[in-house]
Amino acid sequence: MSAGGSILRLDDVHTDIGQYRILHGVSLDVPEGGVHVLLGRNGAGKTTTLRTIMGLWRARSGAIVFRHHDITAMATPDIARLGIAYVPENMGIFGGLTVEENMRLASNDGSFDKGRLDRIFALFPAMQKFWDKPAHALSGGQKQMLAISRAILERRDLILIDEPTKGLAPSIIRAMIDAFREIAKETTILLVEQNFLFARSLGATVAVIDDGRIVHTGPMAELAADEALQTRLLSLSLEAHQ
Amino acid sequence: MKTTLARLGGVYLLPVAIGIFTLFLIPTSTWLTLTIAGLAMGMMIFLMASGLSLIFGLMDVLNFGHSAFVSFGAFIAASVLAALSSWVSGGSAALNIAALLLAVAAATTFGAAAGWFFERVVVKPVYKDHLRQILVTMGALIVAEQLILAIWGGVPIAVPRPAVLEGSILIGNVAIETYRVFAFLLGLAVYVAMYLVLRRTRIGLLIRAGVENREMVEALGFRIDRLFIGVFMAGSALAAMGGAMWAGYQALITPTLGAEMMILVFIVVIIGGLGSIEGSLLGAIMVGLTANYVAFLMPKMALASNMILMMAILLWRPYGLKPAVQK
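Set out below in structure tokens:
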């Protein structure tokens, strides 16, 4: 990704899970503003990269810098309070709480800013409709909308989103694309995806990760226009499994 | 049919069903006495179990040392009541009640302080390691029981009961023990307070969220470790309060009181569903009622009946009646 004006920088980050090394020196610059995509096959290290940024798994070595803060060894709540929101692959919804209670947890002081709430309801009308319903009763797409609504309830500088389209119907995915474009007007998004078509429609820049290393970075338009490059990078998964 | 039952109360109908079923087997006046006894016993077990359930649910900690707080609560309350014997046996109802409330308050305060120490020293080093949790909390339980032996001795201790709570209230030919009514009302008040804290406050919201997904609560910017300490202290304090009330109920206590109660406490936590206060109350009431009805009908089956109840419920609902986490 671009080197100038980055909001987040990972420098030679290594992460182990148990006895296995998952990230083998990930280096990545995420420019400020817009949607930036981290692509890769299953098991390439995408989720581990996001979790390491959030401090949910510890980097064994290397450095992670968010704006001017070295967050490599920071506790997860402190990282979140710097202005980074995280939407995990499983969405992290509290099923026993209502939609309202889920949202209230994301509020800094437990209250809602009407302007921001109205904006969320405009993006995802289902949130208003099911406001007082338990979150476990929502559909998969609605849960994803709730997870994203929670991430944007307060002004955040960076949102990390892990595979938001997984298991969603095409109509929901189209709604997500519109929503992400709107959200990206005020916030930087680092999006982890396997769905190249979805990623291509949103991403300003792209990084491809394989076997715990970044193997390509550049503008999304460049990758979208170069079929040979796509074939080479996106077939890594096939090679890895052969 | 399923929807109608759910509308009528769902699983909350189970204690009612147990009550109605046994009404056909037990004479009415005896049934009423047993029902009040079962409800009072249930409420005292609820006090002991609710904290353990939250600790299980929020912190994923298997605390086999929980019964130490029950035992200490019982012995501290017994000592306070003995020290205030003139209040306990005097003619003033206000002083009688004040003595019991002071005893319960002393036990509860000790439980909270000991809970803080226990969490920091014993439990914190073994978070995320269930095997070591079992070993160290069992070890701590043995140490606690030995401490009780050293302080209070091995001889059973008689617990003076406040004069105003001695005896029974007679309604027709039904005798209802006054102490049981008091224990039931105290348990109910604690349940209502816990319910309000969990449902109406931000800290309660965080606890409920933490029971479901600790990691996500942290990712939202909250220090879950501070919640852990608070919940552990509250859980230990409630266990001690339950022990204090149980001491008055039993009137004679031994250092193994807590360990003996833990069988029922674990049954309640499992029946109710981990991390659920409503589940703990429901489970405790069912266990209390079943223990009393079966002790009357088939005395030798009293404990086994609750084991059977637990197995039946787990076969029907593997995560308990009201699990905090929706599967």
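Quick note, the sequences are listed as chains G and E, same order.
Anchor point for the first sequence: position 37 equals 37 in my numbering, and the numbering is continuous, going up by one each time.
Every position in the second sequence, counted from 1, becomes a number in my numbering once 1000 is added.
Here a beta-carbon is modelled for each residue, glycine too, at the ideal position from N, C-alpha and C.
Counted within 10 angstroms of its Cβ, other Cβ atoms place residue i as buried (16 or more) or exposed
{"i": "E/Q1146", "result": "exposed"}
{"i": "E/W1316", "result": "exposed"}
{"i": "G/R41", "result": "buried"}
{"i": "G/Y86", "result": "buried"}
{"i": "E/R1202", "result": "exposed"}
{"i": "G/D210", "result": "buried"}
{"i": "E/F1075", "result": "buried"}
{"i": "E/L1196", "result": "exposed"}
{"i": "E/I1313", "result": "buried"}
{"i": "E/I1267", "result": "buried"}
{"i": "E/F1117", "result": "exposed"}
{"i": "E/G1139", "result": "exposed"}
{"i": "E/P1162", "result": "buried"}
{"i": "G/A240", "result": "Since pLDDT at G/A240 reaches only 41, below the 50 mark, its modelled position is unreliable, and no value is offered."}
{"i": "G/V37", "result": "buried"}
{"i": "E/N1292", "result": "buried"}
{"i": "G/L233", "result": "buried"}
{"i": "E/R1132", "result": "exposed"}
{"i": "G/M220", "result": "buried"}
{"i": "E/F1024", "result": "exposed"}
{"i": "G/K114", "result": "exposed"}
{"i": "G/P88", "result": "buried"}
{"i": "G/W131", "result": "exposed"}
Nearest-angstrom beta carbon gap, residue j and residue i [assumed within contact, 8 Å]
{"i": "E/V1080", "j": "E/A1103", "result": "4 Å"}
{"i": "G/G34", "j": "G/T231", "result": "Incorrect: roughly 26 Å between the Cβ atoms, too far for contact."}
{"i": "G/I161", "j": "G/L191", "result": "5 Å"}
{"i": "G/P77", "j": "E/E1119", "result": "Contact flag wrong, Cβ pair sits at about 19 Å."}
{"i": "E/M1233", "j": "E/G1115", "result": "4 Å"}
{"i": "G/I177", "j": "G/F198", "result": "7 Å"}
{"i": "G/R150", "j": "G/A106", "result": "4 Å"}
{"i": "E/A1077", "j": "E/A1106", "result": "7 Å"}
{"i": "E/V1136", "j": "E/V1122", "result": "6 Å"}
Cβ pair residue i, residue j closer than 9 Å
{"i": "E/I1285", "j": "E/L1039", "result": "yes"}
{"i": "E/P1255", "j": "E/L1149", "result": "yes"}
{"i": "E/I1169", "j": "E/V1159", "result": "no"}
{"i": "E/I1277", "j": "E/L1165", "result": "no"}
{"i": "E/G1057", "j": "E/A1259", "result": "no"}
{"i": "E/I1271", "j": "E/G1320", "result": "yes"}
{"i": "G/I172", "j": "G/Q144", "result": "yes"}
{"i": "E/T1030", "j": "E/L1238", "result": "no"}
{"i": "E/G1275", "j": "E/M1043", "result": "no"}
{"i": "E/H1066", "j": "E/M1048", "result": "yes"}
{"i": "G/I152", "j": "G/R67", "result": "no"}
{"i": "G/E186", "j": "G/R155", "result": "yes"}
{"i": "E/E1212", "j": "G/F94", "result": "yes"}
{"i": "G/D309", "j": "G/V65", "result": "Residue 309 of chain G is absent from the structure shown; chain G starts at 1 and stops at 242."}
{"i": "E/L1011", "j": "E/L1297", "result": "A quick correction: the sequence has Val, not Leu, at residue 1011 of chain E. Cβ atoms of E/V1011 and E/L1297: not closer than 9 Å."}
{"i": "G/A207", "j": "G/P31", "result": "no"}
{"i": "E/F968", "j": "E/S1280", "result": "Outside the shown range of chain E (1001 to 1327) lies residue 968 of chain E, about which nothing can therefore be said."}
{"i": "G/N102", "j": "G/A137", "result": "no"}
{"i": "G/D245", "j": "G/T217", "result": "Any property of residue 245 of chain G remains undetermined from this structure, which presents chain G solely from 1 to 242."}
{"i": "E/L1257", "j": "E/N1306", "result": "no"}
{"i": "G/I22", "j": "G/I53", "result": "no"}
{"i": "E/Y1191", "j": "E/Y1249", "result": "no"}
{"i": "E/A1175", "j": "E/T1028", "result": "no"}
Contacts that residue i makes with chain G (C-beta to C-beta distance below 7 Å)
{"i": "E/L1328", "result": "Since the displayed chain E opens at 1001 and closes at 1327, residue 1328 of chain E lies outside it and no answer follows."}
{"i": "E/V1269", "result": "What E/V1269 touches in chain G: nothing, since even the nearest Cβ is about 17 Å away."}
{"i": "E/E1215", "result": "L56"}
{"i": "E/A1324", "result": "G96"}
Within chain E, partners of residue i - CB distance below 7 Å
{"i": "G/P77", "result": "E1218, G1221, F1222, R1223"}
{"i": "G/E101", "result": "L1205"}
{"i": "G/Y86", "result": "A1219"}
Beta-carbon neighbours of residue i, restricted to chain G and to distances below 9 Å
{"i": "E/V1011", "result": "Under the 9 Å cutoff, chain G gives no residues; its nearest Cβ is about 15 Å from E/V1011."}
{"i": "E/R1180", "result": "Here the premise fails: no neighbours, minimum Cβ distance about 33 Å."}
{"i": "E/R1208", "result": "F94, G96, L97, E101"}
Residues that residue i contacts on chain E, provided the C-beta gap is smaller than 8 Å
{"i": "G/G92", "result": "N1213, E1215, M1216, A1219"}
Cβ-heavy atom distance, residue i to the ligand NAD, below 8 Å
{"i": "G/M176", "result": "Looking at this structure, you won't find the ligand NAD or any other ligand, since it has none at all."}
Neighbour list for residue i in chain E, Cβ cutoff strictly below 9 Å
{"i": "G/G110", "result": "R1202, L1205"}
Original post:
Does the stretch 1199 to 1209 of chain E come close enough to the stretch 1016 to 1032 of chain E that 3 or more CB-CB pairs lie under 8 Å?
Top reply: no
message = Could you check whether the stretch 163 to 174 of chain G touches the stretch 113 to 127 of chain G, counting it as contact only if at least three pairs of C-beta atoms, one from each stretch, sit closer than 8 Å?
response = no
ask   = For the stretch 1233 to 1251 of chain E against the stretch 1064 to 1074 of chain E, are there 3 or more C-beta pairs whose distance is under 8 Å?
value = yes
Open item on the list: When you compare the stretch 145 to 158 of chain G with the stretch 103 to 121 of chain G, are there three or more beta-carbon pairs, one atom per stretch, that lie closer than 8 Å?
Closed with: yes
Query raised in the report: Is the number of C-beta pairs between the stretch 12 to 19 of chain G and the stretch 44 to 60 of chain G that are closer than 8 Å three or more?
Result: yes
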